[in-house]
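In our numbering, the protein residues as written are 725 to 989.
If you want it as structure tokens, here you go:
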């Protein structure tokens with residue numbers, strides 16, 4: 725018994741060390757990359773006007789934070805992304821439930837959902853601008869268009885994979901679709917829903933940026949397009965870095981929520 729406990733402790737220690745080594749290596753690779761980028765820019769190995777450098781990006785970020793010119797762009801992109809995300813969760817889950825409740829309707833509509841999900845969403849953005857105008861509502865719809873169809877298909881497929889024996893038991897006891905949905909389908913699909921949400925937050929951000937590229941006067945997507953047109957490459961790279969950080973933060977928040985919910989269940 726004592727030997728078994730000792731082996732378990734050694735295994736956990738090795739796992740901890742492995743995790744620490746991976747984290748350290750990731751950080752080291754990132755630092756080396758930044759160092760080489762800065763060194764190459766300062767020594768003229770790369771054109772600092774085109775490729776910029778970490779120090780120039782940080783300087784631009786600091787200056788735009790100091791004069792508060794960056795915050796409106798960041799706030800607009802964040803609010804549009806969150807609005808798109810919550811609408812995708814609501815309508816995606818609702819539509820998946822509708823398809824599960826109406827199998828005949830699902831068979832009719834499923835091929836169209838597959839086609840729409842496969843369609844490059846950047847092709848829809850100009851059309852949405854014409855239909856809805858160049859405003860915040862259009863950008864939110866653009867963000868939704870990237871994630872909504874895949875969300876519906878994934879959730880509907882997950883609903884269909886619920887335990888048939890449990891569904892049969894509910895039906896045997898006199899329960900209907902409502903009882904099957906509330907007692908079997910939705911509870912068993914919580915991990916799937918959380919997983920789909922983690923994917924959707926990134927997709928909504930992509931859709932919002934696509935919309936801002938075409939029809940916005942504020943936002944990080946607009947800042948990227950404006951920077952490229954005026955050859956302010958430091959601003960452009962700074963905006964891309966901020967987008968990466970924003971995407972990681974949103975994903976990390978959802979990941980923490982997922983872990984807490986799964987622990988409780």
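Backbone N, C-alpha and C define an ideal beta-carbon position, used for all residues, glycine too.
| task | Could you check the C-alpha separation between residue 748 and residue 757 for me, to the nearest Å? | result | 14 Å
| Are there 16 or more other CB atoms within 10 angstroms of the CB of residue 786, so buried, or fewer, so exposed? | Counting of Cβ neighbours within 10 angstroms places residue 786 among the exposed residues, the total staying below 16.
| query | At what residues does the alpha helix (DSSP H) containing residue 984 begin and finish? | reply | Looking at the DSSP string, the run of the alpha helix (DSSP H) that includes residue 984 is 957–988.
| query | Where does residue 847 sit, in a helix, a strand or coil, going by DSSP? | reply | helix
| For residue 767, does the three-state DSSP call read helix, strand or coil? | coil
| Within this structure, are the beta carbons of residue 943 and residue 975 separated by less than 8 Å? | no
| query | When you compare only the Cα positions, how much space is there between residue 986 and residue 922? | reply | 14 Å
| C-alpha distance - residue 847 paired with residue 791, whole-angstrom precision | 36 Å
| task | For the stretch 894–910 and the stretch 854–865, state whether three or more C-beta atom pairs, one from each stretch, are separated by less than 8 Å. | result | Cβ pair count under 8 Å is below three, so no.
| field | Boundaries (first-last residue) of the alpha helix (DSSP H) holding residue 779 | value | Element bounds for residue 779: 778–790.
| Complete alpha helix (DSSP H) runs within the stretch 813–863 (minimum length 4 residues, chain order) | 827–842, 848–856
| request: Report yes or no: do the stretch 943–958 and the stretch 883–893 share at least 3 C-beta pairs separated by less than 8 Å? | output: Output reads no: the stretch 883–893 does not touch the stretch 943–958.
| Cut-off 6 Å between Cβ atoms - residues of its own chain near residue 811, not counting five sequence neighbours on either side | Once the five neighbours on either side are set aside, the close Cβ partners of residue 811 are 868.
| field | Alpha-carbon to alpha-carbon, residue 816 and residue 911 | value | 17 Å
| query | So residue 823 and residue 833 are in contact, right, with Cβ under 8 Å, and what is the actual spacing, rounded? | reply | Indeed, because the Cβ distance is near 7 Å, the residues count as touching under 8 Å.
| said: For the alpha helix (DSSP H) containing residue 898, name the first residue and the last one. | reply: Per DSSP, residue 898 is not a residue of any alpha helix (DSSP H), being assigned neither H nor E.
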